[in-house]
Amino acid sequence: MLRKRKLDSRPERSYLCDYCSTLKFEVESFVVRPKETEQRRSEDNRRKSHEFRHTGEVPGAYPVKQDQKKKKNLDNVPRYLGRLSAIRRKKHCPFCRLVLEIVDRPLDQRAPSAFYDDDASVFAKWVIDGQEEVADDEGVSGQPQFIPRTRRVLIYSEPQAFKDGYIALLNETAPFKEFFGRRLKSHDLLDAEVIKSWIKTCEHQHGVECEESLVHPVLMKQQKNILRCIDVENMCVTVVPQDCRFVALSYLWGKNFEQLFTTSENLPRLSTPGALSKESLPQTIKDTIRLTKLLGERYLWTDSLALVHDAGFQYHDDWIYARAHLTVVAGSGQNANAGLPGVRKGSRTWHQSIEEVVPGVKLMVSHLAEDYIATSQWDSRAWTFQERMLSRRCLLFVNGRVYFQCRRSTFCEDMEMPTANGWSLDSIDMPTRIFREKPFVQFTSAVELYTRRELTNPADILAAFAGVQQVLEKRLNATIYYGLFEPLMDSSLIWESSKRLVRRNDFPSWSWAGWLGEIQWRFTDSARSWIQWHHSEDGADETHHFPPQMVPRIDPPIPWHKYPRRSARKVAKDSSASPLLHFDTVVATFSLVHPQPVRKAIISPLRKRLTGPSALSTVRPAPADPGLLRTGIADRNGMWCGTIDLDEKWQVRTGVALKFLIMSRMSCFAEEEMATWQDSPFFPDSAEDEMKRFDYGVYNVVLVSENRGVYHREGVGRILTSALENALEPAPHWQDILLG
Ligand SMILES: [Zn+2]
Ligand SMILES: [Zn+2]
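In my numbering, the protein residues as written are 1 to 740.
What follows is the structure in structure tokens.
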């Protein structure tokens with residue numbers, strides 16, 4: 001409705017408004033010339049990497065300095081475009097019209113914003129987009145290097161009334177094609193040739209990184225079942241060799257949705273050529289069969305038809321998605337009748353808004369691929385996580401669009417991607433890139449992405465993660481125990497919530513699996529500890545040891561002294577069924593002060609820590625109310641000495657003496673924690689002095705509650721190391737801990 005009205009009221013004469021004219025729309029603004037790149041690189045070398053994190057700037061893109069007259073240094077300087085209400089009135093301005101396309105996105109693509117009705121101020125910013133990936137010529141980092149080639153315009157508002165969006169140059173008016181927008185040939189039908197070219201690029205130019213299965217050959221061999229596929233030429237179910245090249249379908253069955261399943265009874269019938277043409281198949285499967293043919297492939301695997309669904313059927317995919325040549329994702333809709341929009345004529349309508357803002361400069365709206373993918377029902381489900389993560393390459397049908405994603409690149413229909421290795425903003429938040437990172441980052445990123453998803457049956461929390469877990473274990477050569485990375489227990493245990501969590505009772509509270517909700521690790525550098533880790537299975541008497549820790553033990557906060565040990569079995573028998581962590585450490589008492597709601601929007605876990613251009617933080621997620629409090633930790637003088645994020649319900653416990661387990665040591669607080677406290681009136685001078693020292697040091701602490709001799713995790717925070725001297729009574733002391 002909105003869109004229609006807007007188009008109808010389009011005036012005869014189009015001209016840029018005063019605000020938009022300041023953006024200097026000329027083709028050259030969208031191009032990064034090699035000379036600039038040289039200048040950027042030398043500046044890069046002078047700047048230290050941590051400065052970027054602090055300012056949130058795009059590395060290699062700096063605000064204009066007075067003495068730099070070169071007009072190309074436009075990046076990252078916000079340009080005010082006016083109030084939303086004023087932009088709505090400027091029907092004559094082609095750029096304002098594009099901005100409104102971003103503001104008024106269809107509801108299913110837009111997260112509701114509390115500020116949508118406010119008359120927000122809208123800004124535009126030039127940001128680096130396309131980057132060419134080259135080998136690290138200086139051999140310094142061992143990481144690939146990226147050379148910026150193109151820019152897009154980022155559109156956003158303060159306060160955030162809509163999801164940030166981009167405006168890109170159409171390649172018809174660009175000096176080269178790559179990284180620029182592409183006009184769709186047909187609005188209702190996908191272009192099979194384009195899709196084939198994506199697959200070909202990946203097969204021929206991305207090398208082993210995309211071709212090699214993530215699943216270790218040893219695990220692959222464990223599969224024992226016969227491999228069946230749909231033969232799309234003969235339209236029947238057929239047995240294929242184990243190394244057969246096939247396409248796999250990942251889709252949602254839908255609640256109470258009736259569809260055809262293969263059983264031993266109908267298998268002979270479905271195996272006769274032509275049988276499937278006579279059956280009534282769900283739209284999604286019909287479309288995928290058609291697509292498989294269009295792509296020139298012969299075999300298609302769908303769980304409904306390739307597995308035999310007899311009584312007692314247990315779903316077991318035998319690493320199908322890791323073995324598939326291509327995974328087709330039906331990400332639109334709620335059930336198996338959603339289809340693959342774009343495969344049949346008239347099955348979608350894609351309105352591509354293009355405006356010629358000045359003669360020779362044609363612009364279009366573009367939203368990041370992951371922005372669309374993440375809004376799909378398919379991507380919100382826990383079980384589809386491993387299907388996506390383990391696939392070599394995915395062809396995703398979401399929101400009426402088609403995206404291709406492999407471990408290196410993301411391709412989309414309305415943007416031209418380079419045939420050589422390249423990176424664009426569309427690769428931001430691409431989950432499969434985590435496998436290029438350091439071991440602990442692979443592990444934490446996988447868990448963080450996974451815990452953002454929904455699970456119908458809460459008891460499946462570890463089961464739906466098992467595939468990715470096994471792959472990680474083989475890759476990292478370590479065991480993951482109840483969701484924690486065994487050789488780095490000290491770091492694994494300091495996971496925190498990024499939203500309010502609800503307890504999942506059948507799993508231990510020290511594991512993220514014991515909670516429902518999004519979790520995060522604030523630190524990826526190692527926590528150092530003095531604790532020797534043990535665990536007791538289900539109240540068994542003997543204690544199991546964790547493997548030698550990758551980080552050497554350090555001296556404890558206070559000298560160790562003897563005390564009687566308890567038997568885990570005796571305690572566990574009547575108070576806990578899930579495994580207990582059994583260890584000795586220092587316990588101290590503090591109270592909570594100055595609680596305040598956490599308001600900060602949660603940045604995607606990938607955005608904040610991946611290396612390479614994915615680290616660029618240019619688009620903000622919609623602001624959310626995480627339901628958390630950031631609370632100060634106070635010593636016996638009532639002075640602030642640390643910080644912890646807790647569920648809002650802890651507000652009433654402010655001022656009460658609470659027990660904290662001292663777990664490990666880090667070099668400092670997290671930046672966002674300091675952002676809350678450093679400028680607050682509660683922040684004592686003594687803390688400020690202490691933090692001026694290089695590597696001042698903090699302890700990671702776990703706030704615990706106690707139930708019949710077993711402690712339970714309530715939250716993780718940090719205190720200054722000096723805080724132990726001023727803890728409440730009883731004074732810090734060693735204790736034998738059972739953490740359930
Ligand atoms: Zn304008
Ligand atoms: Zn690839």
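Glycine is no exception: its CB is placed at the ideal position from the N, C-alpha and C atoms.
Small disclaimer: the values here were computed from a predicted structure and weren't measured.
Beta-carbon contacts of residue i that lie in its chain and below 6 Å, excluding the five residues immediately before and after
{"i": "residue 69", "result": "With a pLDDT of 40 at residue 69, under the threshold of 50, the modelled position of this residue cannot be trusted; read the value that follows with caution. So no residue of the chain qualifies."}
{"i": "residue 327", "result": "248, 250, 321, 391, 394"}
{"i": "residue 337", "result": "282, 283"}
{"i": "residue 630", "result": "596, 598, 645, 676"}
{"i": "residue 54", "result": "Bear in mind that the predicted position of residue 54 carries a pLDDT of just 30, short of 50, making it unreliable; the figure below should be weighed with that in mind. So the list is empty, once near-sequence residues are dropped."}
{"i": "residue 742", "result": "Residue 742 lies beyond the stretch modelled for the chain, which goes from 1 to 740, so this question has no answer here."}
{"i": "residue 46", "result": "Residue placement at residue 46 is flagged as unreliable, the pLDDT there being 47, under the threshold of 50; the coordinate-derived value follows with that caveat. Excluding residues within five positions, none has a Cβ falling inside 6 Å."}
Same chain, Cβ closer than 7 Å to residue i, neighbours up to 5 away in sequence not counted
{"i": "residue 51", "result": "In this predicted model, residue 51 has a pLDDT of only 33, less than 50, meaning its place in the structure is not dependable; the value taken from the coordinates is given anyway. Excluding sequence neighbours, residue 51 sits near nothing in its chain."}
{"i": "residue 218", "result": "none"}
{"i": "residue 66", "result": "The predicted model places residue 66 with a pLDDT of 35, which falls under 50 and marks its position as unreliable; any figure quoted below should be read in that light. Correct list: empty, nothing qualifies."}
{"i": "residue 484", "result": "492, 493, 511"}
{"i": "residue 613", "result": "Any answer about residue 613 is weak, because its pLDDT of 43 lies below 50 and its placement is not dependable; what the coordinates show is given next. Answer for residue 613: 131, 146, 423, listed in chain order."}
{"i": "residue 353", "result": "98, 101, 364, 365"}
{"i": "residue 722", "result": "690"}
{"i": "residue 115", "result": "159, 160, 161"}
Nearest residue (CA-CA) to residue i, options the options
{"i": "residue 694", "options": "683, 669, 680, 681", "result": "669"}
{"i": "residue 664", "options": "584, 690, 596", "result": "584"}
{"i": "residue 452", "options": "381, 85, 463", "result": "381"}
{"i": "residue 414", "options": "434, 366, 455", "result": "366"}
{"i": "residue 628", "options": "639, 650, 642", "result": "650"}
{"i": "residue 697", "options": "84, 719, 684, 281", "result": "719"}
{"i": "residue 747", "options": "406, 177, 170", "result": "There is no way to answer for residue 747, as the model of the chain reaches only from 1 to 740."}
{"i": "residue 457", "options": "713, 504, 470", "result": "504"}
{"i": "residue 216", "options": "738, 652, 470", "result": "470"}
{"i": "residue 237", "options": "399, 261, 554, 243", "result": "261"}
{"i": "residue 736", "options": "661, 257, 717", "result": "661"}
{"i": "residue 244", "options": "297, 273, 678", "result": "297"}
{"i": "residue 530", "options": "409, 234, 175, 553", "result": "553"}
{"i": "residue 383", "options": "330, 303, 450", "result": "450"}
{"i": "residue 509", "options": "153, 705, 378", "result": "705"}
{"i": "residue 488", "options": "360, 362, 198, 546", "result": "546"}
{"i": "residue 168", "options": "26, 231, 594", "result": "26"}
{"i": "residue 20", "options": "710, 370, 109, 125", "result": "125"}
{"i": "residue 408", "options": "103, 444, 421, 402", "result": "421"}
{"i": "residue 744", "options": "184, 625, 522", "result": "Summary: the structure shown does not reach residue 744, with the chain confined to residues 1 through 740, and so no result is reported for it."}
{"i": "residue 582", "options": "35, 314, 738", "result": "738"}
{"i": "residue 436", "options": "454, 406, 525, 274", "result": "406"}
{"i": "residue 230", "options": "177, 301, 165", "result": "301"}
Other residues of its chain near residue i: CB distance less than 8 Å, five sequence neighbours each side excluded
{"i": "residue 558", "result": "586, 724, 732, 733, 734"}
{"i": "residue 220", "result": "213, 319, 322, 323"}
{"i": "residue 123", "result": "78, 79, 80, 81, 155, 156, 157, 158"}
{"i": "residue 653", "result": "592"}
{"i": "residue 460", "result": "382, 383"}
{"i": "residue 295", "result": "192, 195, 196, 199, 247, 326"}
Chain D within 8 Å of residue i, Cβ atoms only
{"i": "residue 669", "result": "Here chain D cannot be found, since the structure has a single protein chain."}
- Task: Output the residue ranges of the beta strand (DSSP E) runs that lie fully inside the region 216 to 244 and measure 3 residues or longer, sorted by chain position.
- Result: Correct list: 228 to 231, 236 to 239.
- Query: What residue ranges within the region 81 to 152 form continuous alpha helix (DSSP H) runs of no fewer than 4 residues, ordered along the chain?
  - Reply: You should have 84 to 89, 94 to 103.
- What does the shell around ligand 2 hold, if a residue joins when its beta-carbon is under 5 Å from any heavy atom? Every residue passing the under-5 Å Cβ criterion appears here: 202, 206, 210, 406, 408.
- Can we say the region 511 to 523 touches the region 494 to 503, given the rule of at least three CB pairs closer than 8 Å? Verdict: yes, contact present.
- Are the region 369 to 381 and the region 297 to 310 touching by the rule of at least three beta carbon pairs closer than 8 Å? At 8 Å Cβ cutoff, the stretches do not touch.
- Query: Would you say the region 323 to 334 touches the region 267 to 278, given that touching needs at least three Cβ pairs under 8 Å?
  - Reply: As far as the Cβ criterion goes, the region 323 to 334 does not touch the region 267 to 278, which means the pair count is below three.
- Message: Check whether the region 124 to 131 and the region 387 to 395 touch, using three or more Cβ-Cβ pairs below 8 Å as the test.
- Response: Contact fails: fewer than three Cβ-Cβ distances are below 8 Å.
- Are at least three pairs of beta-carbons, each pair with one atom in the region 278 to 291 and one in the region 204 to 211, less than 8 Å apart? The region 278 to 291 vs the region 204 to 211: no contact.
- Query: How do the region 332 to 347 and the region 188 to 205 stand: do at least 3 beta-carbon pairs fall below 8 Å, yes or no?
  - Reply: With three or more CB-CB distances shorter than 8 Å, the region 332 to 347 counts as touching the region 188 to 205.
- Which residue spans inside the region 272 to 349 form an unbroken beta strand (DSSP E) run of at least 3? Entirely contained in the region 272 to 349, the beta strand (DSSP E) runs reaching 3 residues are, in chain order, 299 to 301, 326 to 330.
- Segment contact flag, the region 435 to 446 with the region 464 to 479, C-beta cutoff 8 Å, min 3 pairs: Short answer: they touch.
- Of all residues in the structure, which have a C-beta closer than 6 Å to any heavy atom of ligand 1, taken in chain order? With the cut-off at 6 Å, the residues found are 16, 17, 19, 20, 90, 93, 95, 96.
- Task: Decide yes or no for the touch test of the region 79 to 87 against the region 95 to 107: beta carbon pairs closer than 8 Å, at least 3 of them.
- Result: With a cut-off of 8 Å, the region 95 to 107 and the region 79 to 87 count as touching, because enough Cβ pairs lie within range.
- Message: At 4 residues or longer, what runs of the alpha helix (DSSP H) sit wholly inside the region 437 to 508?
- Response: With a minimum length of 4 residues, the continuous alpha helix (DSSP H) runs that stay inside the region 437 to 508 are 439 to 451, 466 to 476, 489 to 492.
- Message: Restricting to runs no shorter than 4 residues, where is the alpha helix (DSSP H) found entirely within the region 666 to 695?
- Response: Counting only runs of 4 or more, we get 671 to 677, 685 to 692.
- Task: Write down every uninterrupted run of the alpha helix (DSSP H) in the region 362 to 387 whose length is 4 residues or greater and which is fully enclosed by it, in chain order.
- Result: The qualifying runs are 369 to 373, 377 to 380.
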